[in-house]
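Heads up: the sequence shown runs through residues 64 to 224, numbered per my numbering.
As structure tokens, the structure follows; a few thoughts come after it.
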Amino acid sequence: IRKSFGFLRTLEASGVFGDVLNYLSNLAVTGNYTRVYSEIEFVDERTLLPGRREMQGQSPWMLNVSLSFREPNIGTSLNMLFSSFGRRLDAVGDYTYLDVFEEPRDVIDLSVTQPMMEGFEMKFTVKDLTASTKSFTYRDGDKYKKLNYGRTFSLQASLTL
Numbered sequence: 064i065r066k067s068f069g070f071l072r073t074l075e076a077s078g079v080f081g082d083v084l085n086y087l088s089n090l091a092v093t094g095n096y097t098r099v100y101s102e103i104e105f106v107d108e109r110t111l112l113p114g115r116r117e118m119q120g121q122s123p124w125m126l127n128v129s130l131s132f133r134e135p136n137i138g139t140s141l142n143m144l145f146s147s148f149g150r151r152l153d154a155v156g157d158y159t160y161l162d163v164f165e166e167p168r169d170v171i172d173l174s175v176t177q178p179m180m181e182g183f184e185m186k187f188t189v190k191d192l193t194a195s196t197k198s199f200t201y202r203d204g205d206k207y208k209k210l211n212y213g214r215t216f217s218l219q220a221s222l223t224l
């Protein structure tokens with residue numbers, strides 16, 4: 064789904080309110096949702112019986128929503144991305160170790176891009192703005208481990224020839 068707020072330009076408004084509506088027409092919202100049903104057949108090493116389980120690394124659902132804005136006068140672009148996913152198999156166990164799952168978490172990324180001159184621009188990005196913790200559990204829900212890598216900041220300069 065993608066929706067630009069360009070339709071605001073068509074609204075009959077004058078004065079400051081009309082200027083605000085015109086300015087907000089540079090805003091867009093984008094989103095997608097994916098639902099996945101996956102499984103794989105295997106032979107259990109302990110019992111030598113066939114079994115079924117979800118595919119490793121495959122979330123049963125994923126959600127992405129972005130909000131983007133481009134300032135028309137100076138060309139600054141702001142983008143905010145929200146993403147989330149369902150519980151997914153991180154490591155397949157065997158007769159010694161249990162399956163390990165990554166639990167759902169929400170992540171917010173932010174980027175600001177500024178054109179500087181013809182063909183040259185700067186981009187500042189913050190990944191995982193909320194520094195969300197990655198939680199891992201065993202199949203039965205018992206805690207396995209938690210990881211937190213914090214936020215990642217980057218500054219990029221690019222030149223298009």
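Just so it is clear, CB atoms sit at the ideal spot from N, CA and C, and this is done for glycine as well.
Quick caveat: nothing in here was measured; it's all calculated off a predicted structure.
Report buried or exposed for E181, applying the criterion of at least 16 other Cβ atoms within 10 angstroms of its Cβ.
exposed
For a quick check, are the C-beta atoms of N89 and P123 less than 7 Å apart?
no
If I follow the unbroken beta strand (DSSP E) through L226, where does it start and stop?
The structure shown has nothing for residue 226, since the chain only spans 64 to 224.
Let's test the definition: count the other Cβ atoms within 10 Å of the Cβ of E102 and tell me whether it reaches 16, buried, or not, exposed.
exposed
For the beta strand (DSSP E) that contains Y212, what are its first and last residues?
Careful: Y212 lies outside any beta strand (DSSP E) and carries neither H nor E.
M143 and L173 closer than 7 Å at C-beta:
yes
With DSSP collapsed to three states, give me the class of N85.
helix
Check whether the Cβ atoms of L222 and F183 sit closer than 7 Å, and answer yes or no.
yes
Figure out for me which residue from S131, A194, S146, N95 has the closest Cα to the Cα of T215.
A194
Does the Cβ of D82 have 16 or more other Cβ atoms within 10 Å, making it buried, or fewer, making it exposed?
exposed
Looking at the structure shown, is G69 part of a helix, part of a strand, or coil, going by DSSP?
helix
Suppose the cutoff is 6 Å on Cβ atoms and the five residues either side in sequence are ignored; what does the same chain contact list for L130 look like?
V92, M143
Applying the 10 Å Cβ sphere with the 16-neighbour rule, what's the burial state of T200?
buried
Residue of E165, S147, A220, Y212 minimising C-alpha distance to M179:
A220
Would you report the Cα separation of V106 and G138, rounded to the nearest angstrom?
57 Å
For R115, count the other beta carbons within 10 Å of its own beta carbon; 16 or more makes it buried, fewer makes it exposed. Which is it?
exposed
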